[in-house]
Amino acid sequence: MAAMLAIINEGDEVIIFEPFYESYGPDSAVSGAIPQFVPLNDDFSINEEALVSAFNKKTRALIINTPSNPCGKVFTKDELKLIADLCAEHDVIAVSDEIYEYIVFDDRKHISIASFDEMRDRTITLSGFSKTFSVTGWRIGFAIAEKTLSSAIRKAHDFLTVGAPTPLQRACLAGLSFPDSYYKEIAGMYEKRRNFLYNTLTNAGFRCHMPQGAYYILVDMPEGTGMDDMAFARYLIDKVGVAAVPGSSFYHSEPGKHKLRFTFSKKDETLQEAARRLEKWDK
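If you read the sequence shown in my numbering, its first letter stands for residue 1, the second for the next number, and so on.
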């Protein structure tokens, strides 16, 4: 929120890829911007024509989330280069949410758009400790940006929160000294859980999109339910005992009403129990 308040003027436009983390739209609107949603292709690759068309003289920022919540997309180097070129051409700032940067699968590598020369001074990189160290309740994060941008962010942030407790900040500092093997271990752990939940949901009749990173699976609802995403999510909780987030939380358009998001950021025994319940589900 502080990043958006630091760069947005009333009436500016912000490009947001769809599906998106549900706070991006409201954060843009609260800061005075008009969200412009750009749907990704069915395989979550960038629709280049749609992206190019979204840029105009009112575009002030573009939000990237890689790896992505809710679909687990990891933006490729070529996709990031396309975004970088467009941002440079139109003098647009990239707000890059990289909170899941260490949770990538199948030997993929996370790439930050700020690593491109033309984006070094026009990127606000956002990350934190919640996901990497499993301390989501601590709410400790950080922003990296060019001096003028970071100064504006600090001014806005000063009025949004008092500050994170010092002991928790020191604990996060200790986490930064963990060896590289720690990051490989957590990525490997989540990759195994991803594979398990993917197979579970596929066997239960959902059409799944294999996540490339983060710890969510976005699925298409089974055909013939006669329900939208909200009703079907309630049905799963009430009748099956498995919870999912309605897909419309992550979409501005119609496709979200036919999707659900599941997470594999759970203990193995919890995922196994979910599998058992879904196996007994009377479809």
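Where is the CB? At the ideal position from N, CA and C, for every residue including glycine.
In the structure shown, what three-state DSSP assignment does LEU260 receive? The residue given as residue 260 occupies position 260 in the sequence shown. If DSSP states are grouped into helix, strand and coil, LEU260 belongs with the strands.
According to DSSP, ALA143 sits in a beta bridge with which residue or residues? Start at 1 with the first residue of the sequence shown, and residue 143 comes out as number 143. In the DSSP output, where bridge partners are listed per residue, ALA143 has LEU126.
Span separating the alpha-carbon of ALA156 from that of ILE124: Translated into the one-based positions of the sequence shown, residue 156 becomes position 156. Translated into the one-based positions of the sequence shown, residue 124 becomes position 124. When rounded, the distance between both Cα atoms is 14 Å.
Please name the residue, chosen from GLY175, VAL14, ARG139, ALA231, that lies closest to SER96 on a Cα-to-Cα basis. Stepping through the sequence shown from its first residue, residue 96 is reached at position 96. Ranked by Cα distance from SER96, the options GLY175, VAL14, ARG139, ALA231 are led by VAL14.
Suppose you measure from the CA of GLU89 to the CA of ILE237; what does that come to, to the nearest Å? Indexing the sequence shown from 1 puts residue 89 at position 89. Indexing the sequence shown from 1 puts residue 237 at position 237. Cα to Cα, the separation comes out at about 48 Å.
Where ALA174 and GLU98 are concerned, what is the direct C-alpha to C-alpha distance, given to the nearest angstrom? Here residue 174 corresponds to residue number 174 of the sequence shown, with the count starting at 1. Here residue 98 corresponds to residue number 98 of the sequence shown, with the count starting at 1. Roughly 20 Å between the two C-alpha positions.
Measuring only the C-alpha atoms, how far is LEU80 from GLU49? Taking the first residue of the sequence shown as position 1, residue 80 is located at position 80. Taking the first residue of the sequence shown as position 1, residue 49 is located at position 49. Rounded to whole angstroms, LEU80 to GLU49 spans 15 Å at the Cα level.
ASP229, buried or exposed, once every other Cβ within 10 Å from all chains shown has been counted against 16: Position 229 of the sequence shown holds residue 229. By the 10 Å Cβ count, ASP229 comes out buried.
Does the separation of the CB atoms of ILE8 and ALA61 fall below 8 Å? Here residue 8 is taken as the residue at index 8 of the sequence shown, counted from 1. Here residue 61 is taken as the residue at index 61 of the sequence shown, counted from 1. Contact: yes.
Hey, is the region 70-84 in contact with the region 204-224, meaning 3+ C-beta pairs nearer than 8 Å? yes
Going by C-alpha distance, which of LEU278, LYS184, PHE232 is nearest LYS109? By 1-based counting over the sequence shown, the position of residue 109 is 109. With distances taken between Cα atoms, LYS109 lies closest to LYS184.
Residue ranges of each beta strand (DSSP E) run of no fewer than 3 residues wholly in the region 145-203, ordered along the chain? Taken in chain order, the region 145-203 contains no complete beta strand (DSSP E) segment of 3 residues or longer.
Closest to LEU201 by CA distance: which of PHE142, PHE262, GLU254 is it? Position 201 of the sequence shown, counting from 1, holds the residue named residue 201. Per the Cα distances, PHE262.
Using DSSP with H/G/I as helix, E/B as strand and the rest coil, what is CYS71? Here residue 71 corresponds to residue number 71 of the sequence shown, with the count starting at 1. In this structure, CYS71 counts as coil in the three-state DSSP scheme.
Assuming PHE17 is part of the beta strand (DSSP E), what are its boundary residues? Here residue 17 refers to the residue found at position 17 of the sequence shown. Looking at the DSSP string, the run of the beta strand (DSSP E) that includes PHE17 is 13-18.
Can you find the residues in the same chain that come closer than 6 Å, C-beta to C-beta, to THR132, ignoring five residues on each side of it along the sequence? Within the sequence shown, residue 132 is the residue found at index 132, counting from 1. Excluding residues within five positions, the ones whose Cβ falls inside 6 Å are TYR102.
So what does DSSP say about ILE113, is it helix, strand or coil? Position 113 of the sequence shown, counting from 1, holds the residue named residue 113. It is helical.
So what does DSSP say about ILE46, is it helix, strand or coil? Taking the sequence shown and counting its residues from 1, the one referred to as residue 46 is at position 46. Coil, per DSSP.
So, using beta-carbon positions, are LEU5 and ILE46 closer together than 8 Å? For this step, residue 5 is matched to residue 5 along the sequence shown. For this step, residue 46 is matched to residue 46 along the sequence shown. It is not a contact, given that the beta carbons lie outside the stated cut-off.
If ILE140 sits next to PHE129, beta carbons under 8 Å apart, how far is it from one beta carbon to the other, in whole angstroms? On the sequence shown, position 140 is the one that residue 140 refers to. On the sequence shown, position 129 is the one that residue 129 refers to. Yes, ILE140 and PHE129 are in contact; Cβ-Cβ is about 5 Å, under 8 Å.
Taking just the CA atoms, how far does SER127 sit from ARG207? Counting from 1 along the sequence shown, the entry for residue 207 is found at position 207. Counting from 1 along the sequence shown, the entry for residue 127 is found at position 127. Each residue's alpha carbon lies about 31 Å from the other.
Which residue wins for smallest C-alpha separation from SER150, given the options ARG122, ALA171, LEU176? As a working note, residue 150 is residue 150 in the sequence shown. Nearest C-alpha to SER150: ARG122.
For SER96: DSSP bridge partner residues: One-based indexing of the sequence shown puts residue 96 at position 96. The partner list for SER96 (beta bridge, DSSP) reads ILE64, THR125.
In the DSSP assignment, the alpha helix (DSSP H) including PRO26 goes from what residue to what residue? As a working note, residue 26 is residue 26 in the sequence shown. For PRO26, the enclosing alpha helix (DSSP H) starts and ends at 24-30.
So what does PHE37 bridge to, in DSSP terms? The residue given as residue 37 occupies position 37 in the sequence shown. Bridge partners of PHE37 according to DSSP: ILE16.
Do VAL74 and GLN272 count as a contact pair if the criterion is CB distance below 8 Å? Here the question's residue 272 lines up with position 272 in the sequence shown. Here the question's residue 74 lines up with position 74 in the sequence shown. Result no, Cβ atoms of GLN272 and VAL74 do not sit closer than 8 Å.
Do VAL92 and PHE116 have their C-beta atoms closer together than 8 Å? Here residue 92 is taken as the residue at index 92 of the sequence shown, counted from 1. Here residue 116 is taken as the residue at index 116 of the sequence shown, counted from 1. Result no, Cβ atoms of VAL92 and PHE116 do not sit closer than 8 Å.
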